[in-house]
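Chains L and C, in that order, are what the protein sequence lines are.
Quick note on numbering: the first sequence equals residues 778 to 883 in the numbering used here.
Quick note on numbering: the second sequence equals residues -19 to 94 in the numbering used here.
In this text, a Cβ means the ideal position worked out from N, Cα and C, and glycines have one as well.
Here the structure is a predicted model, which is why all the values come from computation and not from measurement.
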Amino acid sequence: KNEVEQSPQNLTAQEGEFITINCSYSVGISALHWLQQHPGGGIVSLFMLSSGKKKHGRLIATINIQEKHSSLHITASHPRDSAVYICAVGGNQFYFGTGTSLTVIP
Amino acid sequence: NAGVTQTPKFRILKIGQSMTLQCTQDMNHNYMYWYRQDPGMGLKLIYYSVGAGITDKGEVPNGYNVSRSTTEDFPLRLELAAPSQTSVYFCASSYLTSGHYEQYFGPGTRLTVT
């Protein structure tokens, strides 16, 4: 069993749709990270959170520490949001989910 | 700052050859990591370092070696390359901020062993 489980694995949406990606984890953590990996492979950090909710533009991340669950929401999705979204948890070492591949169709 | 840089971007190796993947960061981060990413799998930790002169094994260290002689550099050595080492390799560095570790990733090295 993986320490970090993400769902769905693949997601196709129409432009403008509201998108939710879920992450559940089984290990103790000091923080949870949402990462974005574009075709071509580069990985960037979107959010680091340990409680509550954070918002950057159209992206919202929430975490429930008691339930060991986090969600990443994208409002008004756009084709440029097409990427793999990866959940990672840990402290000075990280465990990674397998990623959710999102395709937004114009 | 250039952030985390990796070289080469791509490499094809024959079975049994050796090579070193280079990683450098200019952010004065203490923690550095090497991961591999295989299709359909999450990133797996190969080795990590908490500072110059200190390294430790991660989840999948077999077939690899590392060194950390300076804060900036964390090279990954593959000895006797095997097809199972075909993967994309990411170097990352992190620092402690507000009680949490923020990670920065390099652009990756795509390695094929044939």
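The alpha-carbon of L/T875 is positioned some 31 Å away from that of C/A32. For a Cβ distance threshold of 9 Å, residue set Q870, F871, Y872 and F873 of chain L lies close to C/L25, ordered along the chain. In the DSSP assignment, L/E782 falls within the beta strand (DSSP E) that extends over V781 to S784. By the neighbour-count definition (other C-beta atoms within 10 Å, threshold 16), C/T4 is a buried residue. Chain L has no Cβ within less than 8 Å of the Cβ of C/F(-10).
Going by beta carbons, C/M7 and C/S78 fall outside the 8 Å limit.
Taking 7 Å as the cut-off between beta carbons, the residues of the stretch -11 to 23 of chain C near chain L are Y11, G20, M21, G22 and L23, in sequence order. Interface annotation, L/N779: in contact with chain C, CB-CB separation under 8 Å. With respect to chain C, the C-beta atom of L/H855 has no partner C-beta closer than 8 Å. For C/F85, at least one C-beta of chain L is nearer than 8 Å to its own C-beta. Counting every other CB atom within 10 Å of its CB across the protein chains shown gives C/R16 a total of 16 or more, marking it as buried. The Cβ of C/V(-16) sits no closer than 8 Å to any Cβ of chain L. Of all alpha-carbon atoms in C/N10, C/H9, C/G(-4) and C/I26, the one lying nearest the alpha-carbon of C/V68 is that of C/I26. Any Cβ of chain C closer than 8 Å to the Cβ of L/I820 would place that residue at the interface, and such an atom is present. The alpha-carbon of L/A865 is positioned some 24 Å away from that of C/N45.
Cβ contact annotation for C/T50 (same chain, cutoff 7 Å, sequence separation greater than five): A32, in chain order.
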